[in-house]
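First the structure, in the form of structure tokens, and then the observations on it.
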Amino acid sequence: MKYGTVTLLRGEKTVVVDTARPLFDKRGRRISEGLQANVCDPNRDFYLKQPKLDSEADYANRVMRLHGCLDVNTTGITAFKAETERLLALVRGNSQIVNIVNGVHLPVIMPQLTTDDLGTALEQYLEVVGKSYAKDFPDRKSYNHRKGTLAKEVGIVDGSCHDQLIKLMKQGSVIGIYFPNSLQGYSIYADREQMSDLPEGFILSGVDIVIAMAMYPDILARDWYASGQDLAALSWRSVGSLGFRARDDELSFGGAGSLAYAYGGCSGGLLVLG
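Be aware that the sequence shown starts at 779, since it is given in the numbering used here, and climbs by one per residue.
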């Protein structure tokens, strides 16, 4: 067995890990070795498509969905593209995690957090999701089934590393890459459990999924066969869960069902920060 000292993504510490063992398979899905929580095979009928992100215009199109609603500065498009390319280069340079890029990956820019209450922030972000979704699908409806119940009721799950993202968002806007299908077929408990041996720089997704949905509704809410997205890093009313489900005629935000059940058409996500 080959072991070595690996410098982690954020460059702040080193640990001794098994450098021979990849953490993601050839499709970009997390390899589920040794987990106690339920995991099933992904149902490949439910999938996402990688959007075109080559030019600054492609990035500008995504950021404009947030501009005016969340006060994201559109003058930073060049920095958004450059930081995305830097993060992808970091991931591709690490043999343990390089395969994750084979899956769908969505650059996101998260606005500065102006409230200490996550539930209040989610209510605001979900309004933006509804507006963005309506632009792409004017004949469809979006529903927030938790409207009015999120303030002071949303918490961060221990071990998810999501608190690191929130800390950064309180300081200013944050750029990262969201991998929406990296945990497809994992139960929410398994989403949380698998964080234990990921390198630093990986965040279990929560708030970032809502921002990604506002930026990429055509990808994440395409139709019934777009995989569901579980906000596994967050809890609602201490024990409940949150998630998105797309259908051919609507987008729903609400509970994600049993935390212990593994469903092949749904996925938690991972966010990579530099």
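Built from N, CA and C at the ideal position, the CB exists for glycine as well.
Small disclaimer: the values here were computed from a predicted structure and weren't measured.
* **Straight-line Cα distance separating W1002 from D1026** => 5 Å
* What residues are listed by DSSP as bridge partners for N922? -> F1031
* S910: first and last residue of the uninterrupted beta strand (DSSP E) it sits in -> Premise fails: S910 lies in the alpha helix (DSSP H), L896 to D914, not in any beta strand (DSSP E).
* To do: Kindly list the residues whose CB is nearer than 7 Å to the CB of R1015, restricted to its own chain and excluding five residues on each side of it in sequence; keep chain order.
  => Result list for R1015: E931, in chain order.
* **Nearest neighbour of Q942, chosen from Y967, D975, G984 and R924 [CA to CA]** => Distance from the Cα of Q942 is smallest, within the candidate group Y967, D975, G984 and R924, for G984.
* Element boundaries [beta strand (DSSP E), containing D1026] -> Neither: D1026 is in no beta strand (DSSP E) and is coded neither H nor E.
* To do: Could you have a look at R808 and say whether DSSP puts it in helix, strand or coil?
  => R808 falls in the strand class under three-state DSSP.
* To do: On a CA-only basis, which of G806, V988 and A992 is nearest I878? Give me that one, please.
  => G806
* What residue does the alpha helix (DSSP H) around M993 start on, and which one ends it? -> V985 to M993
* To do: Compare the beta carbon distance of L1020 and R924 with 9 Å and say whether it is the shorter of the two.
  => yes
* To do: Return the CA-CA distance between S873 and N959, expressed in angstroms with no decimal places.
  => 19 Å
* Asked: Going by C-alpha distance, which of Y921, G1033, I997 and Y837 is nearest D914?
  -> I997
* Y956 in three-state terms, based on DSSP -> strand
* **Continuous alpha helix (DSSP H) stretch holding D969: start and end** => I966 to E971
* With burial defined as no fewer than 16 other Cβ atoms inside 10 Å of the residue's Cβ, what is the status of Y911: buried or exposed? -> Classified as buried, Y911 has 16 or more neighbouring CB atoms from the shown chains inside 10 Å of its CB.
* Roughly how many angstroms separate the alpha carbons of A838 and M973, rounded to a whole number? -> 32 Å
* **Endpoints, alpha helix (DSSP H) assigned at I944** => H940 to Q949
* What do you reckon, are the CB atoms on S1045 and S1005 nearer than 9 Å? -> In this structure, S1005 lies closer than 9 Å to S1045 by Cβ.
* To do: Could you tell me if K948 is buried or exposed, where buried requires 16 or more neighbouring beta carbons within 10 angstroms of its beta carbon?
  => exposed
* Asked: Looking at the structure shown, is V879 part of a helix, part of a strand, or coil, going by DSSP?
  -> Under the three-state reduction of DSSP output, V879 falls in the helix class.
* Note down, in chain order, each residue of its chain lying with its Cβ closer than 8 Å to the Cβ of G1042, except the 5 sequence neighbours on either side. => Excluding sequence neighbours, G1042 sits near C818, D819, P820, N821, F824, Q962 and G963.
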